[in-house]
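Student:
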Amino acid sequence: MKSEKNNPLEEGLRIRKIADKNTLVIFGATGDLTKRKLMPALFSLFKQGFIPKEFDIIAFARSENTDDSFRKVVEKAIASEETSSDSIEPFLKRISYFRGAYSETDDFKRLKKRLEEIDNNVLFYLATPPSAFDNIIHNLGAVDMAFLQDHWTRVIIEKPFGRDLDSARMLNETIQKVFNEDQIYRIDHYLGKETVQNLLVFRFANTIFEPIWNRRYIDHIQITVSEKIGIEGRGGFFEETGILRDIVQNHMMQLLCLVAMEPPSTTEPNAVRDEKVKVLHAVRSLGPDIDENVKRGQYGEGSIDGNNVKGYRDEENVSPQSKTETYVALRLMIENWRWAGVPFYLRCGKRLPKKVTEIAIYFKKPPLLMFGHNVEKEAMANVLTVTIQPDEGISLSFDSKIPGYRTRIRPVTMEFRYGTSFGQVPPDAYERLLLDAMIGDPTLFTRADENEQAWKIIDPILTKWQEGSDIPVHSYRAGSWGPKKVDDWIEKQGRLWRRL
Ligand code: BG6
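Residues in the sequence shown are numbered consecutively from 0, following numbering that gives the first Met the number 0.
As structure tokens, this is what we get:
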């Protein structure tokens with residue numbers, strides 16, 4: 000790895016803001032999220048010195064555990080080749096287990112007592128299934144834990160935040176009865192991804208891109224979230240959810256907002272969030288045109304990396320007649336002066352050939368090509384690609400003359416890659432978001448109106464799919480790039496999906 004001395008771009012990587020002192024209470028501490036994401040992220044922050052001395056974790060869950068047995072589970076989750084047990088020990092010491100039921104007010108009274116003894120700021124993290132949210136919030140209110148006399152309290156809430164507009168509104172009402180909006184941190188881990196944050200810097204800290212970031216120069220935009228994995232044993236959850244709710248309503252809407260928003264006048268949290276909400280307000284309602292603008296698909300059996308994999312309907316806890324979508328493609332239009340007439344194509348799917356998330360901005364072709372008919376055919380439009388993951392970076396493709404005596408053209412690319420430029424991979428999204436919540440910066444969390452407005456775009460699709468049994472669910476082979484019908488659909492509009 001390059002040293003900071005050799006690579007001036009690494010300067011600034013060491014600037015750190017340490018979290019406020021706090022006690023983190025994790026509800027749902029024995030769940031998968033805590034193991035896979037929260038504990039590794041907390042441990043990484045701890046190792047890097049972002050966590051203050053007065054910090055501890057109360058792991059709240061229903062099952063029988065002792066501090067020791069729970070610490071062993073955490074140790075297993077965070078251990079890796081680079082970590083010795085000596086380095087893990089001081090972190091594990093900060094964790095205690097608290098057995099309780101989310102519906103039992105008495106358990107919350109005990110929790111309150113414990114917190115009073117510790118006498119610290121408190122960050123609650125709701126890492127439970129959404130069915131437990133109401134009970135937890137209600138009980139935090141019932142025992143008067145939402146506001147402390149000399150300390151701050153905040154609450155982080157995991158997705159899914161609602162399953163449609165009505166339930167999201169109800170959940171917002173429930174939480175806002177107990178906490179103030181500025182204490183509520185709705186997490187969407189996509190916002191914690193370094194490349195997603197870099198979108199704002201790329202657009203607004205440079206002068207050359209913004210003048211062409213509009214309908215005059217841009218033909219269309221493609222946003223893709225492609226995953227190789229299937230539903231990973233979450234059949235029950237996915238049957239209820241589908242990919243539209245699981246990924247489009249939150250992660251993809253956030254990407255759309257950051258690409259399309261106007262420059263905020265400051266980076267103050269609400270200034271940024273105000274601009275994002277304006278984008279969502281400007282998305283043309285899909286109303287009666289849903290079939291024309293939204294296509295859904297479901298994977299059948301196929302092969303991924305040379306291994307045969309089951310079709311969705313053969314997965315555990317999935318109905319053999321299921322119509323749940325594992326793939327979706329949408330065309331959205333944003334009705335404002337910047338974007339009128341520019342289609343935004345969003346596509347995402349499970350069991351596609353590659354894991355990749357990217358945003359591709361397709362610019363218009365030049366008005367006149369004077370290099371002859373053949374050259375015209377070879378010329379490609381410029382495409383600016385922001386790769387969110389993996390191999391995070393930005394690239395610009397442009398046409399260049401192939402060396403030789405004749406004029407022939409081929410697209411070439413200019414590239415920036417995080418790994419090569421900064422000599423390190425970006426931190427995990429949960430690290431950044433946990434740290435922000437402990438510092439009290441809600442910029443990268445979703446505000447109530449933002450979440451509700453995103454549901455307003457999605458709701459009519461869900462309703463239409465529920466009503467119309469004749470709306471096709473196109474099948475695609477696992478390991479392919481989605482339904483052929485969806486390729487035909489975009490081709491008919493004179494565009495092609497980007498080859499990834
Ligand atoms: C989660 C979804 O929010 O995001 C999963 O529930 C999905 O279905 C995951 O696999 C994708 O996240 P990432 O960070 O791997 O792109």
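Glycine included, every Cβ here is placed at the ideal spot set by N, Cα and C.
In the segment 69 to 140, which residue ranges form an unbroken alpha helix (DSSP H) of at least 4 residues, counting only runs that do not cross its ends?
Tutor: 84 to 91, 104 to 117
Student: What three-state label does DSSP hand Arg312 in the structure shown?
Tutor: Here residue 312 corresponds to residue number 313 of the sequence shown, with the count starting at 1. Three-state DSSP puts Arg312 in a helix.
Student: Restricting to runs no shorter than 4 residues, where is the alpha helix (DSSP H) found entirely within the segment 231 to 266?
Tutor: 234 to 242, 252 to 259
Student: State buried or exposed for Asn316, treating a residue as buried only when at least 16 other CB atoms are found within 10 Å of its CB.
Tutor: The residue labelled residue 316 in the question sits at position 317 within the sequence shown. Asn316 should be labelled exposed.
Student: Ends of the alpha helix (DSSP H) at Lys277?
Tutor: The residue labelled residue 277 in the question sits at position 278 within the sequence shown. Start and end: 268 to 281.
Student: Could you check whether the Cβ of Ile183 sits closer than 7 Å to any heavy atom belonging to the ligand BG6?
Tutor: Taking the first residue of the sequence shown as position 1, residue 183 is located at position 184. Result no, Cβ not under 7 Å from the ligand BG6.
Student: Using three-state DSSP, classify Ser321 as helix, strand or coil.
Tutor: Position 322 of the sequence shown holds residue 321. Reduced to three states, the DSSP call for Ser321 is coil.
Student: Would you please state the rounded distance, in angstroms, between the beta carbons of Tyr184 and Pro441? I believe it to be under 8 Å.
Tutor: Start at 1 with the first residue of the sequence shown, and residue 184 comes out as number 185. Start at 1 with the first residue of the sequence shown, and residue 441 comes out as number 442. The Cβ separation is near 6 Å, so the contact holds.
Student: Pick from Arg337, Trp336, Ile460, Arg98: whose alpha carbon is nearest that of Phe26?
Tutor: Along the sequence shown, read from residue 1 onward, the residue named residue 26 stands at position 27. Of the listed residues, the one whose Cα sits closest to Phe26 is Arg98.
Student: Can you give me the Cβ contacts of Ser394 inside the same chain, cut-off strictly under 6 Å, excluding the 5 residues immediately before and after it?
Tutor: Position 395 of the sequence shown holds residue 394. Around Ser394: Thr384, Thr412, Glu414.
Student: Enumerate in chain order the residues of its own chain whose CB-to-CB distance from Pro410 is below 6 Å, with the five nearest sequence positions on each side excluded.
Tutor: Taking the sequence shown and counting its residues from 1, the one referred to as residue 410 is at position 411. Excluding sequence neighbours, Pro410 sits near Met379, Ser396, Asp398.
Student: Mind checking Met251: buried by the 16 CB within 10 Å criterion, or exposed?
Tutor: Translated into the one-based positions of the sequence shown, residue 251 becomes position 252. With 16 or more other Cβ atoms within 10 Å, it is buried.
Student: How about Asp245: is its Cβ closer than 7 Å to a heavy atom in the ligand BG6?
Tutor: For the purposes of this step, residue 245 is taken as residue 246 along the sequence shown, with counting starting at 1. Taking 7 Å as the cut-off, one finds at least one heavy atom of the ligand BG6 near enough to the beta carbon of Asp245.
Student: As a quick exercise: from Trp336, Leu331, Val327, Val355, pick the residue whose alpha carbon is nearest that of Cys347.
Tutor: Within the sequence shown, numbered from 1, the residue matching residue 347 stands at position 348. Comparing Cα-Cα distances from Cys347 to each of Trp336, Leu331, Val327, Val355, the minimum goes to Val327.
Student: Distance check for Asn450 and Gln182, CA to CA, integer angstroms please.
Tutor: For the purposes of this step, residue 182 is taken as the residue at position 183 of the sequence shown. For the purposes of this step, residue 450 is taken as the residue at position 451 of the sequence shown. Taking the straight line from one Cα to the other gives about 16 Å.
Student: For Gly348, does the three-state DSSP call read helix, strand or coil?
Tutor: Here residue 348 is taken as the residue at index 349 of the sequence shown, counted from 1. Of the three classes helix, strand and coil, the one that applies to Gly348 here is strand, per DSSP.
Student: With a cut-off of 8 Å on the beta carbons, I'd call Arg70 and Ile50 a contact; round off their distance for me.
Tutor: Numbered from 1 along the sequence shown, position 71 holds the residue referred to as residue 70. Numbered from 1 along the sequence shown, position 51 holds the residue referred to as residue 50. Going by Cβ atoms, the distance from Arg70 to Ile50 rounds to 17 Å, so no, they are not a contact pair.
Student: Closest to Met260 by CA distance: which of Arg244, Gln297, Phe201 is it?
Tutor: On the sequence shown, position 261 is the one that residue 260 refers to. For Met260, the nearest C-alpha among the options comes from Phe201.
Student: Run the proximity test for His250: is its beta-carbon closer than 7 Å to any non-hydrogen atom belonging to the ligand BG6?
Tutor: In the sequence shown, residue 250 corresponds to position 251, counting from 1. For the ligand BG6, at least one heavy atom lies less than 7 Å from the Cβ of His250.
Student: Cβ of Gln388 within 7 Å of any heavy atom in the ligand BG6?
Tutor: On the sequence shown, residue 388 is found 389 positions in, with the first residue counted as 1. Yes; taking the cut-off as 7 Å, the Cβ of Gln388 has a heavy atom of the ligand BG6 nearer than that.
Student: Please give the ranges of any alpha helix (DSSP H) in the segment 149 to 216, keeping only runs that are unbroken, at least 4 residues long and fully inside the region.
Tutor: List check, alpha helix (DSSP H) in window: 164 to 177, 193 to 203.
Student: Which word fits Asn500, buried or exposed, when buried means at least 16 other C-beta atoms lie within 10 angstroms of its C-beta?
Tutor: Since the first residue shown for the chain is 0 and the last is 499, residue 500 is missing from the structure and cannot be characterised.
Student: Taking only runs that begin and end inside the segment 411 to 453, name each unbroken alpha helix (DSSP H) of 4 or more residues, in chain order.
Tutor: 417 to 421, 428 to 438
Student: Does the count of Cβ pairs from the segment 427 to 435 and the segment 31 to 50 closer than 8 Å reach three?
Tutor: Put simply, the segment 427 to 435 touches the segment 31 to 50. At least three CB pairs are less than 8 Å apart.
Student: Just how far apart, CA to CA, sit Gln297 and Val276?
Tutor: The count along the sequence shown starts at 1 and reaches residue 297 at position 298. The count along the sequence shown starts at 1 and reaches residue 276 at position 277. Cα to Cα, Gln297 sits roughly 31 Å from Val276.
Student: I need the DSSP call for Gly286, collapsed to helix, strand or coil.
Tutor: If you number the sequence shown from 1, residue 286 lands on position 287. Residue state, collapsed to three classes: helix.
Student: On the criterion of 16 or more Cβ atoms from any shown chain inside 10 Å, does Gly310 qualify as buried, or is it exposed?
Tutor: On the sequence shown, position 311 is the one that residue 310 refers to. Burial call: buried.
Student: Taking Asn21 and Asn120 to be in contact with their CB atoms under 8 Å, please state how far apart those CB atoms are, rounded to whole angstroms.
Tutor: Residue numbering aside, residue 21 sits at position 22 when the sequence shown is read from its first letter. Residue numbering aside, residue 120 sits at position 121 when the sequence shown is read from its first letter. The pair is a contact, with the Cβ atoms about 4 Å apart (cut-off 8 Å).
Student: Evaluate contact between the segment 83 to 90 and the segment 113 to 131, counting only Cβ atoms and requiring at least three cross-stretch pairs below 8 Å.
Tutor: no
Student: What residues in its chain sit with their C-beta under 6 Å from that of Leu433, if we drop five residues either side in the sequence?
Tutor: By one-based count along the sequence shown, residue 433 stands at place 434. Here the set comprises Ala40.
Student: Once DSSP output is grouped into helix, strand and coil, what is the label at Pro389?
Tutor: Numbered from its first residue, the sequence shown carries residue 389 at position 390. Looking at Pro389 - three-state DSSP - the assignment turns out to be coil, as it is neither helix nor strand.
Student: Quick test of the definition: if touching needs 3 or more C-beta pairs under 8 Å, does the segment 220 to 235 touch the segment 348 to 360?
Tutor: yes
Student: With respect to 7 Å, is the separation between the Cβ of Lys353 and the closest non-hydrogen atom of the ligand BG6 below this value?
Tutor: Locating residue 353 in the sequence shown gives position 354, counting from the first residue. Incorrect: Lys353 has no Cβ contact closer than 7 Å to the ligand BG6.
Student: Under 7 Å from any heavy atom of the ligand BG6, does the C-beta of Lys36 make it?
Tutor: Along the sequence shown, read from residue 1 onward, the residue named residue 36 stands at position 37. Answer for Lys36: no, Cβ out of range of the ligand BG6.
Student: For Arg13, name the three-state secondary structure that DSSP assigns.
Tutor: For this step, residue 13 is matched to residue 14 along the sequence shown. At Arg13, the pLDDT of 49 sits below 50, so the modelled position is not reliable and the matter cannot be decided from this model.
Student: Can you list, in chain order, the residues of its chain whose CB lies under 8 Å from that of Glu239, leaving out five sequence neighbours each side?
Tutor: Along the sequence shown, one-based indexing puts residue 239 at 240. Result list for Glu239: Arg162, in chain order.
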